[in-house]
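Student:
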Amino acid sequence: MSEPSVDEKKVVETETANDKQKMDDLRIVKNWEGLGPKSRLYEEFGPKEAGSKKKKNKKKKKSEVSGGDDPKPELPLAEHVAKCRKNQSWPPAIPISKLFDERYPTGQEVEYGGANAYRSTSEEKREQDKVKETEYDALRRSAEVHRHARMELQKTVRPGIKLFDMCERLENTCRKLIEESKLDAGLAFPTGCSLNHVAAHYTPNAGDDTVLSYGDVMKVDFGVHVGGRLVDCAFTVAFDEQYDNLLLAAQDATNTGVKEAGIDARLGEIGAAIQEAMESYEVTINGKTKQVKSIRNLTGHSIGLYRIHAGKSVPIVAGGENQKMEEGELFAIETFGSTGRAHVIEDMECSHYMKNFDAGFAPIRAAKSKQLLTTINENFGTLAFCRRWLDRLGEDKYMMALKNLCDLGVVDPYPPLCDQRGSYVAQFEHTILLRPTCKEVLTRGDDF
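What follows is the structure in structure tokens.
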């Protein structure tokens with residue numbers, strides 16, 4: 001789930017035509033068991049290493065805080081992942097907790113470099129890791145649910161599918177796999193399926209009959225939590241190959257952000273690296289060639305307990321704050337590449353809402369508003385929700401009460417965030433955990 005922020009910059013670059021084969025892996029993964037840790041996608045860390053893309057001959061500094069060379073994202077405990085997938089039903093319906101012996105697959109582990117290189121062998125840091133294993137397992141369980149659920153969507157999504165039905169199916173799969181239990185486990189926020197110039201925060205309300213078409217660029221953004229420990233992960237679906245470079249740009253930029261992130265990494269420097277990667281791409285759509293630009297007022301963000309945006313923003317353009325990442329923090333590294341103005345505004349009908357985390361006491365007089373707030377508190381707490389979810393809980397005629405809660409500042413609306421009409425936006429996102437011993441990319445999978 002995205003977070004608005006600020007700043008603007010510009011870099012120019014060229015793209016090649018020879019990334020098509022890589023997009024066969026990146027656009028949509030067709031086979032549940034076809035890709036593994038030894039697949040071509042895992043031999044190369046992101047599109048930057050493909051070797052076929054022409055870029056400016058600009059030397060990049062090695063990151064002192066994130067490690068020297070690009071890591072090969074080989075998923076640890078791969079045999080456990082394979083076993084899990086082999087034993088899973090189709091469509092996925094067996095809870096993840098039933099497929100593992102209380103220990104869930106570790107994400108991609110990347111050692112720190114520079115002044116933090118000692119952490120991977122420090123006994124003290126290893127002990128600190130052990131103390132946190134219960135928290136880590138909650139995050140890893142959420143991440144494994146995300147991988148299973150998105151694989152189902154990647155296999156079934158097609159032109160002509162109704163977005164309302166797609167979101168309902170994806171969310172119901174997540175509910176089964178995570179064993180949904182109100183605030184104890186469930187969805188962390190509504191499924192975003194923003195199309196084309198819409199960058200984020202769109203999910204269909206009741207009565208919305210929008211259908212996915214062959215020429216659409218759809219951002220699929222959803223999250224899962226266990227006990228408020230949540231993962232936030234997104235990818236982009238496009239069927240038309242003319243959008244390939246747009247998707248490559250966003251994925252490359254996200255992988256760059258993941259690589260640059262680490263304990264003591266400065267947020268502003270991460271943003272500059274992301275922008276450089278993103279804006280080194282061009283895309284030709286309907287005969288017109290445009291530079292892919294980082295959307296300057298969208299960012300990644302830190303994640304807290306039952307809190308999708310915990311205070312720190314990870315910019316995707318240069319010029320951001322020089323605040324540092326710290327040990328133990330959880331971050332969503334997400335990037336948005338656009339063919340438009342690269343600046344979003346709130347537009348269209350609102351579907352996303354979230355209780356204000358810092359809201360104090362508010363005098364709520366209307367009985368319907370009080371009752372609706374009770375429903376929100378019991379089922380979502382401070383996590384985001386949507387109107388479809390209120391419908392599912394049996395709430396009816398609640399729009400006036402919801403508006404009342406928004407007017408009182410108890411609940412905040414989050415309308416869709418849109419670039420200019422006619423433009424296209426792509427997004428990729430991963431959740432990373434800055435453990436005492438290493439950086440763990442929790443949501444890394446065989447697909448991206």
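In terms of UniProt numbering, the sequence shown is numbered consecutively and its last residue is 448. Where a beta carbon is used, it is the ideal one built from N, C-alpha and C, also for glycine.
How about T299 and A277: are their beta carbons less than 7 Å apart?
Tutor: No, these two residues do not count as a Cβ contact at 7 Å.
Student: Fully enclosed by the region 346 to 406, which beta strand (DSSP E) runs are 3 residues long or longer?
Tutor: The qualifying runs are 352 to 355.
Student: Once DSSP output is grouped into helix, strand and coil, what is the label at T443?
Tutor: Coil.
Student: So who's on the other strand from K337, going by DSSP bridges?
Tutor: Before going on, a small fix: residue 337 reads as Gly here, not Lys. In the DSSP output, where bridge partners are listed per residue, G337 has S294 and A426.
Student: Please indicate yes or no: does the CB of I270 lie closer than 6 Å to some heavy atom of the ligand COA?
Tutor: For the structure depicted, the ligand COA is absent and the ligand set is empty, with no information on it obtainable.
Student: Thinking C-beta only, is S351 closer than 7 Å to N245?
Tutor: Against a cut-off of 7 Å, the Cβ pair of S351 and N245 comes out as no contact.
Student: Excluding sequence positions up to five away, which residues of its chain have a Cβ less than 6 Å from the Cβ of T236?
Tutor: Excluding residues within five positions, the ones whose Cβ falls inside 6 Å are K219, L247, A426 and Q427.
Student: Can you give the Cα-Cα distance for E326 and L267, rounded to whole angstroms?
Tutor: Distance between the alpha carbons of E326 and L267: 11 Å.
Student: For the region 80 to 129, list the alpha helix (DSSP H) runs that are entirely contained and at least 4 residues long, ordered along the chain.
Tutor: Qualifying alpha helix (DSSP H) stretches, in chain order: 96 to 99.
Student: For D264, tell me which candidate among I94, R126, K324 and E179 has the shortest Cα-Cα distance.
Tutor: Per the Cα distances, K324.
Student: For L330, which residues of its own chain have a beta-carbon under 6 Å away from its beta-carbon, when the five flanking residues on both sides are left out?
Tutor: Excluding positions up to five away in sequence, the list reads I303 and L433.
Student: For my contact list, Y424 and I285 are in at a C-beta cut-off of 8 Å; report their separation, rounded to the angstrom.
Tutor: That pair is a contact at about 7 Å.
Student: Based on Cα-Cα distance, which residue from L442, A332 and R229 lies nearest to L383?
Tutor: It is R229.
Student: Classify residue 449 as helix, strand or coil using the three-state DSSP reduction.
Tutor: For residue 449 there is no data in the structure shown, the boundaries of the chain being 1 and 448.
Student: With distance defined between alpha-carbon atoms, name the residue in H301, C167, L405 and L195 nearest to L187.
Tutor: When each option's Cα is compared against that of L187, the closest is C167.
Student: Got a sec: is the Cβ-Cβ distance from I432 to anything in chain D below 7 Å?
Tutor: Among the protein chains of the structure shown there is no chain D, as only one such chain exists.
Student: Could you tell me the alpha carbon to alpha carbon distance between V297 and V314, rounded to whole angstroms?
Tutor: Reading off the sequence, residue 297 comes out as Asn, not Val. Cα to Cα, N297 sits roughly 11 Å from V314.
Student: Pick helix, strand or coil for T203, following the three-state DSSP scheme.
Tutor: Here T203 sits in coil by DSSP.
Student: Given 8 Å as the limit, is there contact between the region 398 to 407 and the region 359 to 375, that is, 3 or more CB pairs closer than that?
Tutor: Yes, they touch.
Student: Does the Cβ of R140 have 16 or more other Cβ atoms within 10 Å, making it buried, or fewer, making it exposed?
Tutor: By the neighbour-count rule (16 or more Cβ atoms within 10 Å), R140 is buried.
Student: Do N356 and D419 count as a contact pair if the criterion is CB distance below 7 Å?
Tutor: Cβ distance not < 7 Å, so D419 and N356 don't count as in contact.
Student: Among all the DSSP beta bridges, which residues are the ones paired with S194?
Tutor: The partner list for S194 (beta bridge, DSSP) reads K219.
Student: What do you get for P105, buried or exposed, if any count of 16 or more other CB atoms within 10 angstroms of its CB means buried?
Tutor: Buried, by the Cβ-count rule.
Student: Please look up how many angstroms separate the CB atoms of D232 and E429, rounded, as I've assumed it's under 8 Å.
Tutor: Indeed they touch by this definition, with Cβ atoms about 6 Å apart.
Student: Whole angstroms are fine: how far does the CA of G107 sit from the CA of V292?
Tutor: For V292 and G107, the distance between alpha carbons rounds to 30 Å.
Student: Would you call the CB atoms of D129 and F164 closer than 7 Å?
Tutor: No, the Cβ-Cβ distance between D129 and F164 is not below 7 Å.
Student: Based on DSSP bridge pairs, tell me the residues matched to P315.
Tutor: For P315, which the question treats as bridged, DSSP gives the partners T299.
Student: Confirm, please, whether the CB-CB distance from L417 to T431 is below 7 Å.
Tutor: No, the pair does not count as a contact, with Cβ atoms beyond the cut-off.
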